[in-house]
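There are 2 protein chains.
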Amino acid sequence: MTASVGGCRRALEPTSAVGFVGPIADTEISMQPRATLHDVARLAGVSAKTVSRVYSGSSSVSPETRERILEAAKRLHFRPNTLARNLRQGGKTATVAFVMGDIRNPFYFQVAAGIEQELTKNGFTMLLASTGDAPESEPVVVDALLRQLVRALVLIPIAGDQSYLEGERHLGTPIITVDRPANDLVADTVVLANRSGMAEAVRSLTALGHRRIGFISNPSEMYTLTERLAGYRQALAEAGVADSSSWERLGNDRAISPESQVRSLLDSDDPPTAIVTGNNRATMGALRELKARPEEIALIGFDDFELAEMLGISVVAHDPIELGRAAGRLAIERIEHHAGPTRLIEIPTRLVKRGSGEIPAPGPRAD
Amino acid sequence: MTASVGGCRRALEPTSAVGFVGPIADTEISMQPRATLHDVARLAGVSAKTVSRVYSGSSSVSPETRERILEAAKRLHFRPNTLARNLRQGGKTATVAFVMGDIRNPFYFQVAAGIEQELTKNGFTMLLASTGDAPESEPVVVDALLRQLVRALVLIPIAGDQSYLEGERHLGTPIITVDRPANDLVADTVVLANRSGMAEAVRSLTALGHRRIGFISNPSEMYTLTERLAGYRQALAEAGVADSSSWERLGNDRAISPESQVRSLLDSDDPPTAIVTGNNRATMGALRELKARPEEIALIGFDDFELAEMLGISVVAHDPIELGRAAGRLAIERIEHHAGPTRLIEIPTRLVKRGSGEIPAPGPRAD
DNA sequence: CTGTTAGCGCATTCAT
DNA sequence: ATGAATGCGCTAACAG
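Heads up: the protein sequence lines correspond to chains P and Y, in order. Under the numbering used here, the first residue of the first sequence carries the number 1, and numbering increases by one thereafter. Under the numbering used here, the first residue of the second sequence carries the number 1001, and numbering increases by one thereafter.
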């Protein structure tokens, strides 16, 4: 189509597989300055303000001049400078920041997807950054984004304390935390129904006669996991098991594998007849370990996964995208009218029975 | 800690599981105006420029005044306005845009993770948007980001033609496409070694005596998949199979399930002894379908997945994060020195043998 | 080491 | 329907 291009598709035939394939064509760029409103105005023979009107869309411009302006703009490759516009309009951007934890965690990305969906739907774009799950980097990352005058901050808190955001909150920036509540900061929050979801799973096991139920988790000192642990204990207490500590394997060290936790449980004096896991990683480990063993152990995992259906693994399922969507909607609502009480939204979970969690307890039932 | 907060942690005990949990505390915000350089300067008894110097870091300020300024800034919750700064500095922001396809596709997010890692390492932040894999939305989304004066554009192209970016390229904005090359646009590109990766997989099957090898893919008209198909055909041709069309099941309709494609292959007059898949989705479908059947079919999937090891599934593995990192590095390099020839980077794949791909062909070997 | 002047690109206010 | 002046918050280029 355009004359100056060509050769791109042909040049792309891979010639090597070691990672780098050399030059294709020369990127000659003349570095023209970017056209401004004034440039367009001059070329169209009108004032800058008239051009501005065309792009603001609000006030009216005669069809002919509008036409001339758009023509001139196209010729100059004009694109309005959002920086300048936002600055003039009192620092109101159309971006929302999302600060997530470890960027490689697919769960967070599902959440990001949900947020992005809602933002885009409302004309906002997402500024994304990650703390790498390092508590000390959270304020730094957040600060960098706030300097960009984002209209709202969606945050997966990792620092021990979010009180450093009090000032920003008073400036009117809505702050929404996702997956975990903030500490020492009033903020809207969206979390999963961690506790009740886990309790439901454990209840389904006690209903089948299980009493010796293992719980494995690593890490275990995060909000979500302490909630799940609480749900587990609560359901066991309801079934008459007051002390579950000997069935709990709680790690806080990445070096401890979920496999070893399961092993420790099953090799103990009084092994469990069922296991529930704190998260996806624990489920994967449990699957690997159980596969290598003869025991028939009931298993319910927290977090759904792609092959769970095929493998017949029962899970406490939830929708991370919905978690993000809820956060995104909250951000939009707060941007549109700041007032109102802080809200806590809990995204429901769903116990999906696929077989692994429906193995009854062995031996005499306690009926 | 802070007096005005409190109650947050306690208030978070879930009271319902239906998705919404009511108000917690009142978000009283007084909506103070944001402090500026001048406000800080006034409070510190210096000129605005001196405050500016403190935040620019370049020129020197006496320790005492610096101290006074930082003190004043803290009291006013001052944060430099990046909009204004960037505007003044000629529209140089520290953001890079990444436009991806369907935001729910975990592959893209892995890529995003890689990009983000490299950007953050170099002080840039990522503006994220998605086209939803809708060709017509690509120019719109891209335009919105370019208005924000991003320093580079990383794009997973979906529109049929990227020539609309020629103008921006001449303005000096580096453009990098990922996963697929651009059409009608000179741009740096990072892709997987789709063709050679698939060829390697098929060769490993022909080496085991397989000749009737199925290939399933849906969609199949995307760049990545036509490349993989080409690799498949090439390897088969090397093994003396000139026409593989009866083993190919190429869909371009989301309604066609990979299961049905596998079924169609295995129920044909001359069923294959091995199957290779075009992508992760096809692998999942093939697994589900093969599980329900008695046939022993060799299988190699394209794209690795979490449980592949446990299930013993051989795959053509690759590193999506590395794909992103390469793109991110390219963006940084281009930002730092624009010149130089266009580059094509190919990220290698790796055939991971886990058993499913090592099933020899049945019947007499062709030795 | 510090202050003054000017202007980045745009939109608001008030003209015409 | 269009134009002229003014300033958003900040920093380059100059003083001093």
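Using N, Cα and C, we set each Cβ at its ideal position, and we do this for glycine too. Fair warning: this is a prediction, and the values are worked out from it, not measured in the lab.
Give me whichever residues DSSP pairs with residue i in a beta bridge.
| i | result |
| --- | --- |
| VAL1154(Y) | PHE1098(Y) and ILE1176(Y) |
| PHE1302(Y) | VAL1316(Y) |
| ASP188(P) | ILE176(P) |
| ARG350(P) | ALA317(P) |
| LEU127(P) | ALA97(P) and LEU1127(Y) |
Counting along the chain, where does the beta strand (DSSP E) carrying residue i start and finish?
| i | result |
| --- | --- |
| PRO139(P) | Premise fails: PRO139(P) lies in the alpha helix (DSSP H), 138-146, not in any beta strand (DSSP E). |
| PRO294(P) | Where PRO294(P) is concerned, there is no enclosing beta strand (DSSP E), given that its DSSP letter is neither H nor E. |
| ILE216(P) | 213-217 |
Going by other Cβ atoms of all chains shown within 10 Å of its Cβ, with 16 needed for buried, is residue i buried or exposed?
| i | result |
| --- | --- |
| VAL1154(Y) | buried |
| LYS1353(Y) | exposed |
| THR206(P) | buried |
| ARG1350(Y) | exposed |
| ALA1244(Y) | For clarity, residue 1244(Y) is Ser in the given sequence; the question names Ala instead. Result: buried. |
| VAL1021(Y) | Per-residue confidence for VAL1021(Y) stands at a pLDDT of 48, beneath the threshold of 50, marking its modelled position as unreliable; the derived number appears in the next sentence. Buried, since its Cβ has 16 or more Cβ neighbours within 10 Å. |
| ALA308(P) | buried |
| GLY1355(Y) | exposed |
| HIS1210(Y) | buried |
| GLN148(P) | buried |
| ALA242(P) | exposed |
| PRO23(P) | For PRO23(P), the predicted model reports a pLDDT of 48, less than 50, meaning its position is unreliable; a value from the coordinates is still stated below. Exposed, since its Cβ has fewer than 16 Cβ neighbours within 10 Å. |
| ILE347(P) | buried |
| GLN1032(Y) | exposed |
| GLU1295(Y) | exposed |
| GLU1116(Y) | buried |
| PRO174(P) | buried |
| GLY19(P) | Any reading at GLY19(P) needs caution, since the residue's pLDDT is 44, under 50, leaving its predicted position unreliable; the model's value is listed next. Looking at its Cβ environment, which holds fewer than 16 other Cβ atoms inside 10 Å, GLY19(P) is exposed. |
| ASP303(P) | buried |
| VAL1140(Y) | exposed |
| ARG88(P) | exposed |
| GLY160(P) | exposed |
| ASN1252(Y) | exposed |
| PRO380(P) | The structure shown does not extend to residue 380(P), since chain P is modelled only from 1 through 367, so no value can be given for it. |
| GLU1221(Y) | exposed |
| GLU67(P) | exposed |
| SER47(P) | exposed |
| ARG254(P) | exposed |
Within the continuous alpha helix (DSSP H) that includes residue i, where are the two ends?
| i | result |
| --- | --- |
| VAL111(P) | 106-121 |
| ARG1042(Y) | 1037-1044 |
| MET1222(Y) | It is not in any alpha helix (DSSP H) - MET1222(Y) carries neither H nor E in the DSSP assignment. |
| VAL1054(Y) | 1048-1056 |
| SER196(P) | 194-206 |
| GLU1064(Y) | 1063-1075 |
| GLY1167(Y) | 1166-1170 |
| ARG1088(Y) | 1082-1088 |
| LEU358(P) | In the sequence on display, residue 358(P) carries Glu and not Leu. No alpha helix (DSSP H) holds GLU358(P); DSSP gives it neither H nor E. |
| ALA134(P) | Taken as a continuous stretch (DSSP letters only), ALA134(P) belongs to no alpha helix (DSSP H), as it is neither H nor E. |
| LEU1311(Y) | 1308-1311 |
Give a single yes or no on whether residue i has its beta carbon closer than 7 Å to a heavy atom of the ligand SAH.
| i | result |
| --- | --- |
| THR82(P) | Ligands in the displayed structure: none, and consequently the ligand SAH is not present. |
Where the stretch 1132-1150 of chain Y meets chain P: residues whose CB sits under 9 Å from a CB there
Those residues of the stretch 1132-1150 of chain Y that come within reach of chain P (Cβ to Cβ, closer than 9 Å) are GLY1132, VAL1141, ASP1143, ALA1144, LEU1145, LEU1146, ARG1147, GLN1148 and LEU1149.
Positions along the stretch 1213-1232 of chain Y whose CB lies within less than 7 Å of some CB in chain P
none
When Cβ atoms are compared, which residues of the stretch 1062-1091 of chain Y fall closer than 7 Å to chain P?
HIS1077, ARG1079, PRO1080, ASN1081, THR1082, LEU1083, ALA1084, ASN1086, LEU1087 and GLY1091
Scan the stretch 1108-1119 of chain Y for residues whose Cβ lies nearer than 8 Å to a Cβ of chain P and list them as they occur along the chain.
PHE1109, GLN1110, ALA1112, ALA1113, GLU1116 and GLN1117
Can you give me, in chain order, the residues of the stretch 268-297 of chain P that have a beta carbon less than 7 Å from any beta carbon in chain Y?
MET284, LEU287, ARG288 and LYS291
Interfacial residues, the stretch 300-311 of chain P to chain Y, with Cβ spacing under 9 Å
PHE305, GLU306, LEU307, GLU309, MET310 and LEU311
Closer than 8 Å, Cβ to any Cβ of chain Y: which residues of the stretch 146-178 of chain P, in chain order?
Sequence-ordered contacts of the stretch 146-178 of chain P with chain Y read LEU146, ARG147, GLN148, LEU149, ASP161, SER163, GLU166, GLY167, GLU168, ARG169, HIS170, LEU171 and GLY172 [C-beta pairs closer than 8 Å].
Quick check for students: name the residue ranges of the beta strand (DSSP E) that lie wholly in the stretch 1230-1281 of chain Y, counting only runs of 3 or more.
Runs found: 1248-1250 and 1274-1277.
Members of the stretch 1191-1208 of chain Y that neighbour chain P once the beta carbon cut-off is set at 7 Å:
If the cut-off is 7 Å between Cβ atoms, the stretch 1191-1208 of chain Y has ALA1193, ARG1195 and SER1196 near chain P.
Quick one: which residues of the stretch 93-105 of chain P get their C-beta closer than 8 Å to a C-beta of chain Y? List them in chain order.
THR93, THR95, ILE103 and ARG104
Could you please tell me which residues of the stretch 119-130 of chain P, in chain order, have their CB closer than 8 Å to any CB of chain Y?
THR120, THR125, MET126, LEU127, LEU128, ALA129 and SER130
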